[in-house]
Structures are given as structure tokens and as C-alpha cells.
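Numbering (UniProt numbering), first residue to last: 1 to 486. In this text, a Cβ means the ideal position worked out from N, Cα and C, and glycines have one as well. Predicted, not measured: the structure shown is a model, and the values here were computed from it.
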Amino acid sequence: MASVAAWLPFARAAAIGWVPIATHPLPPPPISKDRRKSEDEKLLINVSGRRFETWRNTLEKYPDTLLGSNEREFFYDEDSKQYFFDRDPDIFRHILNYYRTGKLHYPKHECLTSYEEELAFFGILSDVIGDCCFEDYKDRKRENSERLMDDKLSENGDNQNLQQLTNIRQKMWRSFENPHTSTSALVFYYVTGFFIAVSVMANVIETVSCGIKPGRSGTLPCGERYKIVFFCLDTACVMIFTAEYLLRLFAAPDRCKFMRSVMSIIDVVAIMPYYIGLGITDNDDVSGAFVTLRVFRVFRIFKFSRHSQGLRILGYTLKSCASELGFLVFSLAMAIIIFATVMFYAEKNVESTNFTSIPAAFWYTIVTMTTLGYGDMVPKTIAGKIVGGVCSLSGVLVIALPVPVIVSNFSRIYHQNQRADKRKAQRVCTRRRLAHDLLRPPNPLSRIFTIRCFSAYWLRSGRPTKSHGSDRGRFANGRRACISCC
């Protein structure tokens, strides 16, 4: 007890701050309510009926925004003692969380345009979105911009279609780009598609064996046995392709741009071998070069891209994934050089080895990394087999890494085209339905609905709503006004 009593003066002195006995200071004493109100106070924010509570210091951490500056006082309601904002409460929850934590998140289920409008209203830049949501926000914004651009182009195209085209070139170009606008354009569209299929099939069938060469060993291909038939068929296809190319060149708004386009180059490459073959003599050397040139006829199959939406989507996907494909090729090239060099030095002392040089080992590494494995070149040493196994595993990893990016881009472009087609079909159906509604005789229910909408339209425009009448033209005007607002 004496020892405890000896420590009591020191405990009392520490309690009043004379002798510090702790390394960390005590928490600050509680502040009275009146004093706290002058420094920091709890604010009540009403967003479209939903109430939020936060501290003033929490909002004033960002004075450049609406809630952090004195501009919020314009929205203060003296009667209810709260700030009222007629905005989206679901998005405001993320905005208030930004003031609390300093991290702005993007909700995937919300509309991108509404989200950006809310950020602009409260004075918050989209650049402060957190790293966890920034990629999703950028992808969504890119998709939205592409969709808006497609809608704008389609609307411009529809407006041009509604206008009277006096120039024959404009009519032809519209028929080529939109075959479904007229019957003649649709017929030409299917005729060219049929001849593309015939040309590709003829190019394949002419290499099939159709008998034995007379007096010689070997088979005779169908292209030599029925030479005249295939020549006439090829001539008909080339004439159709030439006429299509010349008509497109004539109708193109910008001929230089059209000639530099990929599809124009494919058209030229597909028909040039035929015209070059007409001027080649029967010399063996020249004929051999012509046979090599005929290989370019296979490019006619790419003409199907004008008739197939899937091929166009595939082309757009490869174009958007150019960086990923470049990374794939570069990674494969590095791995091929490394493993070919190691494989050559591991197998060079083996008798009758196929790995005679590093370029000769390229074939083995290419076949192994792409998991083909023909078996024409195999390592025989233990070190070579280990290197071959590592080469196979690394090839699988290198090839598999860019595949998800390519698949995601293909899915994005595919769904984007599907949505564009649905919107276009919806607009066409809406126009047909409206045209049908304007032409059919009005029934009593539609008459009452049209009168109400027509009256509301005149009230919004500040005009008197007298003598609605019952003539058909006035009801048509009221129906158009209702369509424009609803």
C-alpha cells in the first residue's frame, strides 16, 4: 500500500499535464454543439426526394465543385433547412462518395450520357474516375460515340434518300451502297454475288482430276480437259466484275479515294490476271509466269465481303486489333529465334541431324510453337527434348495471350452492328406505321387522342387553341406534333 501511495502524486500530476507518461496524446475533448456549428456542421441534401447527410468539411475538400463552393447556397431551402437538387439520386450516391473518399466510381448499369450530365452539373471532371473503373468508362464512352456516329450517318443517309436525287451518279452510288433501296439494285446485288460464287467454284473445280493424260503417265485436270468451257465461264465472270468496277468508279463521289480503297484494289487484282493472260504467248517461260499469276484469282473470294456482314465485322476486328496482332507476331518472332538458336547448339553434334543451321531450326520452332508437330524434324538429345518441351509450352502461352482481346473486340463490333441494324429496322417500321396512321380514316378514339395532343402542342408553343376542327389535315398536323414530342 505504501508503494501505491507513493505513485499517486505522479498520477495526479500526469492527469493535469505536468508529467507526460504516454507517447501518444489523448484524444481532443468533445466540442459543444454551438461551437461545432460554427466550424463544421451536418448538411442535409435532398435529391429528388431522397435525403443524404454529410459534413460541410467533407464537401469543402473540393472547392472547385458545386457542392464544395458557395454556389450550393442557391439551392438552399429556408423552409425545410436543406439543399434541394432535382437530379438523379442514384448517380448522386456515387458523387457524394467521391467527396467522402476522394475516389469517383462509374456505375456500369447507369446511362453514360446521364452520368456525364450529372458530373457536369456538379462540376466534377471525368478524369478523376478511379483506375478500377476508368477502363470500363472509356470502353463505354467509345461504344457510345461510335453508336452516335452510326446514328448520325444513318440519319444523314436517310435524309439524302428522302431528297430527290437528280444526278445519275448519286442514284447509282446509293444503289451500290444500299442494294435494298430499289429492285434493280437488289437484282444486280444478287447477280454479282452469284458470279462471285461461280468464279470461286470454277477456280477450285478446274484443278480436280478428270481422267488420265493420253499417252502419258499422270492425271489430266478438268481445267485442261474442258479448257474452252472454263475459259468461257471465266470470261463471263470477269466481264461482270469489270462492269461492276467501272460502274462503281463512275458513280463514286471521290474517285481517287475509291481507287485507293481496299475493296477497289481487291477488284483490280481479281480481274487483272485474265487480261494479262490474253496478251501472253505460248512460250513456256511466259506461260509459267502466267500460271503463277493465276493464283491471284483467289482474291475474288474477298469480294464476298460486300455481300457478307460477318466478313466485314471480321475485317473491322482485325483492324481494331492491329496492335495486339503486332505484339503477337513480335513475340513469336523473338521466341522462334531464341529457341531455334538453343536447339541448333543442342543438336549440332548429333550425326545426320536435320538441325544443320539456325535458319533450318526455324521450321521446327514454328511448327512446335503453333502446336502442329509434323514430326519431320525431332530432337534426339536430352537437352534438345527439354528445349522442345519448353518451346511447345511457351508457344501455347504466347498465342493464347492476345486471343481474349481479339474475341472481346469481335463481340463488341458484332453487337454494335446488331444494335445498328435493329435501330435502323425500328426507324423504318416507325415511319411505315406513321404513314399508315396518317392515311387511314380516323376513328373516334384516335380523334380524341389527336385533339388532346394537338391542344397540348398549341399550349406549349404559346398559341391559342381555338377551333380545333375536324378536318383531316388539321388532325394530321396534330398527330405530327404528338409524334415529335413523344
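Query, Result
"Option in A435, A420 and A425 with minimal Cα separation from M149", "A420"
"I338, enclosing alpha helix (DSSP H) - first and last residue", "A322 to E347"
"Closest Cα partner of L43 within the set R72, D88 and V407", "R72"
"Start and end residues, alpha helix (DSSP H) containing C391", "I382 to A400"
"Assigned exposure category for I212 - 16 Cβ within 10 Å defines buried", "exposed"
"C-alpha distance - G193 paired with H307, whole-angstrom precision", "7 angstroms"
"Spatial distance of L67 from Q416 (CA atoms)", "38 angstroms"
"Range covered by the alpha helix (DSSP H) that runs through N57", "R56 to L59"
"Assigned secondary structure, D34 (DSSP; H/G/I helix, E/B strand, else coil)", "At D34 the pLDDT is 48, less than 50, meaning the model places this residue with poor confidence; the figure from the coordinates comes in the next sentence. Looking at D34 - three-state DSSP - the assignment turns out to be helix."
"Beta-carbon spacing of V342, V387 below 8 angstroms", "yes"
"N46 in three-state terms, based on DSSP", "strand"
"Three-state class that DSSP yields for E177 in the structure shown", "helix"
"Residues near I129 by beta carbon distance below 6 angstroms, same chain, minus five either side", "L104, Y106 and Y137"
"Presumed contact (8 angstroms Cβ cut-off) between G395 and A346, rounded CB distance", "Going by Cβ atoms, the distance from G395 to A346 rounds to 17 angstroms, so no, they are not a contact pair."
"8 angstroms Cβ shell around I91 - same chain, five flanking residues per side excluded", "P107, E110, S114, Y115 and E118"
"Status (buried if at least 16 other CB within 10 Å, exposed otherwise) for I124", "buried"
"Beta-carbon proximity of C232 to F195, cut-off 8 angstroms", "no"
"Rounded straight-line distance, which links the Cα of I95 to that of V47", "12 angstroms"
"Residue from R427, T317, I406 and I399 whose Cα sits closest to the Cα of T370", "I399"
"Contacts around A383, its chain only, beta-carbon distance under 7 angstroms, and the 5 residues preceding and following it disregarded", "A346"
"Host beta strand (DSSP E) of F85 (start-end)", "Q82 to F85"
"Cβ-based burial, N203 [other Cβ within 10 Å; buried from 16]", "buried"
"Within 8 angstroms, strictly: CB atoms of R56 and D40", "yes"
"Three CB pairs or more closer than 8 angstroms across the stretch 263-271 and the stretch 240-250", "yes"
"Helix, strand or coil at D136 [DSSP, three-state]", "helix"
"Limits of the unbroken alpha helix (DSSP H) element including L96", "P89 to T101"
"Cut-off 8 angstroms between Cβ atoms - residues of its own chain near P179, not counting five sequence neighbours on either side", "A185, L186, F188 and Y189"
"L59 classed as buried or exposed, judged by whether at least 16 other C-beta atoms fall within 10 angstroms", "buried"
"Classification of K303 by the beta-carbon crowding that lies within 10 angstroms, buried from 16 upward", "buried"
"Beta-carbon proximity of G323 to G315, cut-off 8 angstroms", "The amino acid at residue 323 is misidentified as Gly; the sequence shows Ser. No, Cβ-Cβ distance for S323 and G315 is not below 8 angstroms."
"Coil, strand or helix - S308 by DSSP", "coil"
"Straight-line gap, R427 to N144 (C-alpha atoms, nearest Å)", "19 angstroms"
"Inter-residue spacing [alpha-carbon to alpha-carbon] between F134 and R294", "51 angstroms"
"DSSP-derived helix/strand/coil call for V208", "coil"
"Status (buried if at least 16 other CB within 10 Å, exposed otherwise) for P359", "exposed"
"Neighbourhood of H364 by C-beta distance below 6 angstroms, restricted to the same chain and skipping five residues each side", "According to the sequence displayed, residue 364 carries Tyr and not His. M377, listed in sequence order."
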